[in-house]
Every structure is written in structure tokens, then in C-alpha cells.
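First residue of the sequence shown: 1, per full-length UniProt numbering; consecutive thereafter.
Ideal placement from N, C-alpha and C gives every residue a C-beta, glycine not left out.
Fair warning: this is a prediction, and the values are worked out from it, not measured in the lab.
What follows is a set of notes on a single structure, which appears directly below.
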Amino acid sequence: MEVKTTASGDAYVLELRKEKVSVAKRLVGTLWIALGIACFIIAVILFTTIIGIIPAAFICLCAIGCIYLGMAKQKVTCPNCDRTMTVLQRTRKWKCTACKRLALINWIDK
Ligand SMILES: [Zn+2]
């Protein structure tokens with residue numbers, strides 16, 4: 001299979017078809033994101049109380065985790081080292097964690 005690279009050859013250009021996400025999965029994702037946003041609001045309120053800064057920082061991390069869980073992800077195989085990784089479906093620039101090669105992702109909707 002021929003792999004496209006950028007003109008400079010520094011990065012791969014991947015054309016990926018977006019995988020369909022089932023309604024149930026999308027609903028669960030939305031709930032995670034809602035939970036994440038709720039955690040953020042709680043963290044901001046705690047932060048303003050000064051005493052709550054440490055738990056606020058912890059809740060903030062939980063919020064980021066929840067939002068990450070809620071985002072649509074997809075498996076991608078690195079064209080350089082052939083390892084399969086999970087990337088967010090919004091990602092346009094991705095660095096393979098195994099071989100550190102950069103890839104630009106063009107998402108094809110359909
Ligand atoms: Zn790789």
C-alpha cells in the first residue's frame with residue numbers, strides 16, 4: 001500500500017473514514033461529557049473558596065478524564081511501525097507514541 005507523505009516528507013498523510021458511532025455509544029459519550037462539564041463547574045466553585053484548591057485540582061483532572069472518555073475515538077494503524085493506536089475522531093495531527101512519527105489525518109465523513 002502506498003503511503004502519502006507531506007511534500008517535505010516529515011509527516012504522513014492519512015485518509016481515514018470516520019467509523020459510525022452507534023446511538024447508544026453516542027448517548028454514553030454525551031453523558032460522560034456532561035459529567036465532565038459538571039465536574040469542571042464544581043472545581044471552579046471549589047477553587048474560589050481557596051481552601052478547596054487541592055480537591056478542585058483533583059476534580060479538574062477527573063473532568064478532563066470524563067470528557068476524554070466521552071469523545072469518539074477510533075483505531076489507527078501507524079504506516080511506519082504498523083502498530084495500532086486509538087485516536088480521537090477530532091484529531092487532525094497525530095504523533096505515533098511508539099515510533100514518534102507525525103501523521104496528519106484527513107477524516108472522510110460518510
Ligand atoms: Zn509508529
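- VAL87 sits buried, since 16 or more C-beta atoms from the chains shown fall within 10 Å of its C-beta.
- The residue among THR30, LYS20, PHE58, VAL3 with its C-alpha nearest the C-alpha of PHE40 is PHE58.
- In this structure, DSSP gives ILE59 a helical state, which the three-state scheme calls helix.
- Counting C-beta pairs with one atom in each stretch, the segment 88 to 107 and the segment 29 to 49 have fewer than three that are closer than 8 Å, which means they do not touch.
- Contact check for ILE108 and LYS20: beta-carbon distance about 12 Å, past the 8 Å limit, so the pair fails to qualify.
- By the Cβ neighbour-count rule, ILE105 is buried, with 16 or more other Cβ atoms within 10 Å of its own.
- The continuous stretches of alpha helix (DSSP H) do not include ALA103, which lies in the beta strand (DSSP E) extending over residues 102 to 108.
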